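Participant: I'd like to ask some things about the structure below.
There are 2 protein chains.
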Amino acid sequence: MDLLEQIGRNAKLAEPILRNLDANSKNRILRRVAKELVDDTKAILAANEKDIKAGQEAGMSAGLIDRLQLTKERIEAMAEGLCQLADLDDPIGEVLGMKKRPNGLLIGQKRVPLGVVGIIYEARPNVTADAFGLCLKTGNVVILKGGSDALASNTAIVECIRKSLAGEQVNPDAIQLITATDRETTEAFMKLNQYVDVLIPRGGRGLIQAVVHNSTIPVIETGTGNCHIYVDEDADLEMATAIIINAKTQRVGVCNACESLLIHKKVLRDLLPVLGEKLGKYKVEIRGDEEVCKLLKDAVAATEEDWGKEYLDFTISIKTVPSVEAAIAHINRYNTKHSEAIITRDYDHAQKFLEEVDAAAVYVNASTRFTDGFEFGFGAEIGISTQKLHARGPMGLLALTTTKYIIYGNGQIRP
Amino acid sequence: MDLLEQIGRNAKLAEPILRNLDANSKNRILRRVAKELVDDTKAILAANEKDIKAGQEAGMSAGLIDRLQLTKERIEAMAEGLCQLADLDDPIGEVLGMKKRPNGLLIGQKRVPLGVVGIIYEARPNVTADAFGLCLKTGNVVILKGGSDALASNTAIVECIRKSLAGEQVNPDAIQLITATDRETTEAFMKLNQYVDVLIPRGGRGLIQAVVHNSTIPVIETGTGNCHIYVDEDADLEMATAIIINAKTQRVGVCNACESLLIHKKVLRDLLPVLGEKLGKYKVEIRGDEEVCKLLKDAVAATEEDWGKEYLDFTISIKTVPSVEAAIAHINRYNTKHSEAIITRDYDHAQKFLEEVDAAAVYVNASTRFTDGFEFGFGAEIGISTQKLHARGPMGLLALTTTKYIIYGNGQIRP
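Chain order of the listed sequences is A and B. Read in order, the letters of the first sequence are residues 42 to 456 in this note's numbering. Read in order, the letters of the second sequence are residues 42 to 456 in this note's numbering.
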């Protein structure tokens, strides 16, 4: 039997066991895995060292090496993450909206696990423990396909988790790692509809697009963020400046950072000199339209391409707009449906912006950087969905669940 | 510009208009379209006559001709369906779970349209008006790709709807029909991610599987139903018989009809003779296991294939099981995750069945035939989802919506 077929069957055998685990058991397992990961630090670091060495020999960049690197502290952080999951409420089993129909049928929606979750990710070994924890907490079996550069690290982590599961008398196939690193296996995994209920890519744009375009399994797509801040004619300019600096510079490499600024022409002259100076302190490069370049001599002329760009860097595009309508139209044309903000004191403009901007999260008078599962109070985050089906915006544990209708009758037949 | 690109761009231009239509406007449009469809009966029937003639000349089966055929009454039913939609509550705009975070941000989820919905269906012209009505009610733009055998009928219906939209000063591109009938266009439509937010196939298994496997756009999958009824050792056998007869024979060609029966060995001798006689009256063919064939001389021996089969006909498979656990295991192995029922007076068995059977709808002491948007009280039905993402079970208007987070702040920045 081929490798994936075997993995799929193993997962299906584990599925009913995971689905029926009560919250106490799941939390006990999470805490045990946390402890055993720390106990196995030496073995995990030794395996990681092999990956690092191979990466260095292959000329991997310093940034990628850093993402691949594990340390005692990083293993402790992984363990801490699992303990935090154990402390969260279990979403499974809740019955929503149970109502009696006129014929006496009592119908409700019960929250249940998805079943088998596939996760495809890059060479970040910390995702291995994190993905397991999220799936276990929600009663799902997980099949992992990590980046081949992290194979030794992932294998060590998965072995440690499987050992803990066996110690708790739970089928270790609750987590399986696909160790084959060839392209054909990855593509076949994306078409394993018979065994896998949902596929989640975690990583950069290239990985996500490859999964979206090749998978026949339903995908939860996490996406890129070309996030805008629009400074309205009626904005508090001090607040605007503080929010822009925060959203642009607090962390530049993340999807909820601000990439593009729209400024109402009436406040351009008042805002831009102060803002330009503050952005200058952070060495933020400005790509501006004609009006902006006139006022800021360091600004570079923006091209059409700039309006659609997610820089993930100390760069921002700035455009002058004549109205809130023009700002909304620009955003809906160029955004990636992630996070958008208006800074205003005008009630109608605020409501209009909230109503008409099409994005996962739309803000009035706050930084786009809050689009995050922890900041939204979910206690965990799978990713930030920029698609519209199933989950949109920051995804907490609920995104790894589905519902089934349960119906209590007493002999009803359909007339 | 190619045809699909033009259709996609038109849809995007119509999208913000549809998104912002208030409920009164949408309901007025629905009622106007209903009236104009009836007014245009003559033209629509004339177009339909062309399709019917071409179908007959091409040797189309009587069943397919019947599905394709429109009559005055069927057009009135289409119009009536639109008026019923107008009477339903508008799901758009509701804000769910708005809560204040510790930093003062007020975060809620607002229900909004999906955007642009693509629908691929077979030669059933009534789906044209129905799909438009569901999409308009939920503020979505719709792009239709109907079966080529119904092209003249669909064109006439779509033209009538576009005329009504124009009469209401709404962009008629709220509905567009893809008139090209070649395979390449259909396949390109399934990859129009840039313009289409979700694709819904409506039709038989072949169509649905083709869309699931070829689409790169997220798909809402409606599926087949290999639905089981399990008669427990503690069942009220009279109730069991009534439910089985209803679920098997009330309408055989539908996905929520019962296809397979599991009977606890302790009640087999008491139930089977009576049940066999009643099923015989409906000329239901029985495919049974060894025990069943011993007791019912008309029964045919079931093969392994029978357990997984959706007959959609007057045929049923019957298997003897030793326990509720065996029944659950059999169902979870062979079912299509649609609708499953247990007939029992045993509290523990009822709860266990509800808990452990993996399906969109799980019943105690009621007919599987109730799995239906109207029977569940939604007032409308898009289809019955057997996938686990986004929507599971009967889908009402909510399945055509998504949410966006709206956040009211007063200057918050992320520390």
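Built from N, CA and C at the ideal position, the CB exists for glycine as well. All values derive from a computational prediction rather than experimental measurement.
Taking C-alpha atoms, which residue in A:K178, A:K186 and A:G145 lies nearest to A:G164?
Facilitator: Per the sequence shown, the amino acid found at residue 164 of chain A is Ala instead of Gly. For A:A164, the nearest C-alpha among the options comes from A:K186.
Participant: I believe B:H379 touches B:N297 by the beta-carbon criterion, under 8 Å. Please report the beta-carbon distance rounded to the nearest angstrom.
Facilitator: Right, the Cβ-Cβ distance comes to about 7 Å (below 8 Å), so this counts as a contact.
Participant: Given a threshold of 16 other Cβ atoms within 10 Å of its Cβ, counted over all protein chains shown, does B:V362 qualify as buried or as exposed?
Facilitator: By the neighbour-count rule (16 or more Cβ atoms within 10 Å), B:V362 is buried.
Participant: Taking the continuous alpha helix (DSSP H) assigned at B:P435, which residues delimit it?
Facilitator: Note, B:P435: premise wrong, no alpha helix (DSSP H); beta strand (DSSP E) at G434 to M436.
Participant: Cβ closer than 9 Å: which chain A residues qualify as neighbours of B:V405?
Facilitator: I447, I448, Y449, G450 and N451
Participant: Applying the 10 Å Cβ sphere with the 16-neighbour rule, what's the burial state of A:L337?
Facilitator: buried
Participant: Give me the residue from A:R328, A:I304 and A:N195 with the minimum Cα distance to A:T344.
Facilitator: Taking only the C-alpha atoms, the option nearest A:T344 is A:R328.
Participant: Could you say which of B:I93, B:I357 and B:E274 lies nearest to B:K307 if we only look at CA atoms?
Facilitator: B:E274
Participant: Alpha carbon to alpha carbon, how far is A:K178 from B:A400?
Facilitator: 21 Å
Participant: Among A:I48, A:F415 and A:R292, which has the Cα closest to the Cα of A:L129?
Facilitator: For A:L129, the closest of A:I48, A:F415 and A:R292 by C-alpha to C-alpha distance is A:F415.
Participant: With which residues is A:I383 paired in a DSSP beta bridge?
Facilitator: Note: A:I383 sits in a beta bridge opposite A:Y271 and A:V405.
Participant: Taking Cβ to Cβ, would you say B:Y375 is nearer than 8 Å to A:I448?
Facilitator: no
Participant: What residues in its chain sit with their C-beta under 7 Å from that of B:P154, if we drop five residues either side in the sequence?
Facilitator: L59, R60, I133, T179, G180, N181 and T442
Participant: Tell me the DSSP secondary structure of A:L240 in three-state form.
Facilitator: strand
Participant: Considering Cα atoms alone, identify which of A:K289, A:G294, A:V295 and A:K322 is closest to A:S301.
Facilitator: A:K289
Participant: Rounded to the nearest angstrom, what separates A:V365 and A:G159 at their Cα positions?
Facilitator: 42 Å
Participant: So B:Q428 contacts chain A; which residues on that side make the cut at Cβ distance below 7 Å?
Facilitator: P259
Participant: May I ask you to list, following chain order, the residues of the stretch 282–314 of chain A that have a beta carbon less than 7 Å from some beta carbon of chain B?
Facilitator: A283, I284, N287 and Q291
Participant: List the DSSP bridge partners of B:K76.
Facilitator: None; B:K76 has no bridge partner.
Participant: Could you name the residues of the same chain whose beta carbon sits closer than 6 Å to that of B:D413, not counting the 5 residues immediately before and after it, in chain order?
Facilitator: Closer than 6 Å at the Cβ level, and outside the excluded window around B:D413, lie P435.
Participant: Under the assumption that A:G149 contacts A:G138 (Cβ atoms under 8 Å), give the Cβ distance between them as a whole number of angstroms.
Facilitator: 6 Å
Participant: Going by beta carbon distance, what residues of the same chain come within less than 8 Å of A:V293, once the five residues before and after it are set aside?
Facilitator: Y352, L353, D354 and F355
Participant: Please list the terminal residues of the continuous beta strand (DSSP E) segment that includes A:T443.
Facilitator: T442 to Q453
Participant: In the structure shown, what three-state DSSP assignment does A:E300 receive?
Facilitator: Note: A:E300 maps to strand in three-state DSSP.
Participant: Give, in chain order, every unbroken run of the beta strand (DSSP E) that is at least 3 residues long and sits entirely within the stretch 128–185 of chain A.
Facilitator: 136–141, 147–154 and 157–162
Participant: Along chain B, which residues have their Cβ under 7 Å away from the Cβ of A:I457?
Facilitator: What the structure shows of chain A is the stretch from 42 to 456, and residue 457 of chain A is not part of that stretch, so it cannot be assessed.
Participant: Measuring straight from C-alpha to C-alpha, what distance separates A:L240 and B:L147?
Facilitator: 32 Å
Participant: Would you say B:T265 faces chain A, with C-beta separation under 8 Å as the test?
Facilitator: no
Participant: Quick check: is the beta carbon of A:R165 nearer than 8 Å to any beta carbon in chain B?
Facilitator: no
Participant: Between B:V365 and chain A, is any beta-carbon pair separated by less than 8 Å?
Facilitator: With a threshold of 8 Å between beta carbons, B:V365 makes no contact with chain A.
Participant: Three Cβ pairs or more, each shorter than 8 Å: is that satisfied between the stretch 73–88 of chain A and the stretch 416–431 of chain B?
Facilitator: no
Participant: Look at the Cβ atom of B:L248, then the Cβ atom of B:P166, and state whether they are nearer than 8 Å.
Facilitator: no
Participant: Using a cut-off of 8 Å between C-beta atoms, extract the partners of A:V239 located in chain B.
Facilitator: K429 and L430
Participant: So, helix, strand or coil for B:L439, using DSSP?
Facilitator: helix
Participant: What residues in its chain sit with their C-beta under 8 Å from that of B:I261, if we drop five residues either side in the sequence?
Facilitator: Around B:I261, the same chain offers V239, L240, I241, I423, G424, S426, Q428, H431, A432, M436 and A440 as residues with beta carbons nearer than 8 Å, after the five sequence neighbours per side are excluded.
Participant: Give a yes or no on whether the minimum CB-CB distance between B:S408 and chain A is below 8 Å.
Facilitator: yes
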